[in-house]
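Colleague:
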Amino acid sequence: MATMLRLDALDLPRVDPARDALAAAVARLLDHAGFAVEIVAAPPRGSWFRCADGSQFRPGGAVLHPERIAEAAAALDDAEPMLLALEQVLGLQLEPEDLRSASEEAMLHFALRREDQKAALLLPCDHPHAANWLAEADALTPLASRLPVLALLLVQGPRLGIAEAGDLAPGDLVLIGARPRATLEAPHFRQAGQFDLAAGSFTPHPDGAPMESSDAAPSPRDFAVPLTLRLPAQRVSAAALADLRPGLALPLGPVSEGMAVELLVAGSPIARGELVQLGDRFAVLIEAREDLAEGTVQQPVEVAA
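Heads up: the sequence shown is residues 24 to 328, going by the numbering used here.
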């Protein structure tokens, strides 16, 4: 039986679907207005300008302190062009009432850049304009972008020794972590991230890190091959893929026991099976082996000295 240690999950946040949708809508509006937008999991420490509607902001590079009023006023003056643009796009009134630390309420956190200016913005998840932002962002989506495309999810499995991988047989179990690394692929699209099997959602990696990584090359005796789990193709909208960014999760539907999957090595299937759940983890129950056709794998040959 093939086994594996639980994979360490990437340090990525679990995102609430409603909060996720609102963050995507605000980001789309700001993108459309010429802002470079990054959705950040948690705001940095320090003081922020706080407004009457609960919004908070901090000009890029500014170190704010409640007792340094002159410095805060100067930072506010320098940021005026960006603040005016934010007010116009989101319908906000960014008139600060005081300086304080970031709110502990549920907030959306954006790192923004426009021309040569930077700023950070916090918006309450229950902001009065939330419904308007969702509607306005939806109206920006072209009709063609609403059409579905087929997306494939490749989930990183364990690394098995050559002998162990070669001995996989019907009835064996290959254990998969609860939130393994994964790669989402669609036409003209490829994104590395993490897949939450229990929630059925994909979260992009902030750095777009590759799905697999390795340390020093193993010796021939210890050589292992990485297994990849290929899930059935899913229909997603082109707009959903275009909006996907770190901090957002893409729901791909429930992952349930009995789902037909394939195990791959170097992109070629070696086994077919179905998912079974073991506590908070999943495993692939092997149903059949797929033999690699001879000639498709290069073999070493002797060369003259």
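Here a beta-carbon is modelled for each residue, glycine too, at the ideal position from N, C-alpha and C.
#1: Give the straight-line distance between the Cα atoms of ILE293 and ALA50, rounded to the nearest whole angstrom.
#2: Name the one or two DSSP bridge partners that PRO274 has.
#3: Can you tell which of GLY281, ALA283 and HIS132 has its C-alpha closest to the C-alpha of ALA270?
#4: Give the range of the beta strand (DSSP E) segment to which PRO203 is assigned.
#5: Just verifying my parser: in three-state terms, what is the DSSP assignment at ARG295?
#6: Nearest to GLU297 by alpha carbon, out of VAL288, GLU310, ASP303 and LEU287?
#7: How far does the beta strand (DSSP E) with ASP219 in it reach, from first residue to last?
#8: Are the beta-carbon atoms of PRO227 and GLN214 separated by less than 8 Å?
#9: To the nearest angstrom, how far is the alpha carbon of GLY114 from that of HIS152?
#10: Residue range of the alpha helix (DSSP H) that PRO40 falls in?
#11: Drop a sphere of 10 angstroms on the beta-carbon of HIS150, count the other beta-carbons inside from all chains shown, and report buried for 16 or more, exposed for fewer.
#12: Closest to ARG81 by C-alpha separation, out of ALA65, ALA64, ALA75 and LEU99, would be which residue?
#13: Rounded to whole angstroms, what's the CA-CA distance from SER126 to VAL178? Just pull it up for me.
#14: If we count the other Cβ atoms within 10 Å of its Cβ and call it buried at 16 or more, is SER78 buried or exposed?
#15: Buried or exposed for GLY189, going by 16 or more other Cβ atoms inside 10 Å?
#16: Taking 8 Å as the threshold, find out whether the segment 261 to 277 comes into contact with the segment 204 to 220 through three or more Cβ pairs.
#17: Would you check if the segment 199 to 206 and the segment 156 to 165 touch, i.e. whether three or more CB-CB distances between them fall below 8 Å?
#18: Taking GLY290 as the reference, which of PRO67, ALA283, ARG253 and ALA134 has the closest Cα?
#19: Taking C-alpha atoms, which residue in LEU301, VAL307, GLU285 and VAL299 lies nearest to GLU313?
Modeller: On the basis of the supplied data:
#1: On the sequence shown, residue 293 is found 270 positions in, with the first residue counted as 1. On the sequence shown, residue 50 is found 27 positions in, with the first residue counted as 1. Distance between the alpha carbons of ILE293 and ALA50 is about 42 Å.
#2: Position 251 of the sequence shown, counting from 1, holds the residue named residue 274. SER224.
#3: The count along the sequence shown starts at 1 and reaches residue 270 at position 247. The sequence given here places Gly at residue 270; Ala does not occur at that position. Checking every option, the nearest Cα to that of GLY270 belongs to HIS132.
#4: As a first step, residue 203 is located in the sequence shown; it is residue number 180 there, counting from the start. Run containing PRO203: none; DSSP gives neither H nor E here.
#5: Taking the first residue of the sequence shown as position 1, residue 295 is located at position 272. ARG295: strand per DSSP, three-state reduction.
#6: Residue 297 sits at position 274 when you count from the first residue of the sequence shown. Nearest C-alpha to GLU297: GLU310.
#7: Residue mapping note: residue 219 aligns to position 196 of the sequence shown, counting from 1. Its beta strand (DSSP E) spans residues 212 to 219.
#8: Your numbering for residue 227 matches position 204 in the sequence shown. Your numbering for residue 214 matches position 191 in the sequence shown. Going by C-beta atoms, PRO227 is nearer than 8 Å to GLN214.
#9: Start at 1 with the first residue of the sequence shown, and residue 114 comes out as number 91. Start at 1 with the first residue of the sequence shown, and residue 152 comes out as number 129. Going from the Cα of GLY114 to the Cα of HIS152 covers about 8 Å.
#10: Counted from its first residue, the sequence shown places residue 40 at position 17. Its alpha helix (DSSP H) spans residues 40 to 55.
#11: Taking the sequence shown and counting its residues from 1, the one referred to as residue 150 is at position 127. Answer is buried; the Cβ neighbour count reaches 16.
#12: Within the sequence shown, the letter at position 58 stands for residue 81. When each option's Cα is compared against that of ARG81, the closest is LEU99.
#13: Here residue 126 corresponds to residue number 103 of the sequence shown, with the count starting at 1. Here residue 178 corresponds to residue number 155 of the sequence shown, with the count starting at 1. Approximately 37 Å, taken between the alpha carbons.
#14: Start at 1 with the first residue of the sequence shown, and residue 78 comes out as number 55. Flag for SER78 reads buried.
#15: Residue mapping note: residue 189 aligns to position 166 of the sequence shown, counting from 1. Looking at its Cβ environment, which holds fewer than 16 other Cβ atoms inside 10 Å, GLY189 is exposed.
#16: yes
#17: no
#18: Here the question's residue 290 lines up with position 267 in the sequence shown. The candidate whose alpha carbon is nearest that of GLY290 is ARG253.
#19: Locating residue 313 in the sequence shown gives position 290, counting from the first residue. If we check each option's Cα against that of GLU313, GLU285 comes out closest.
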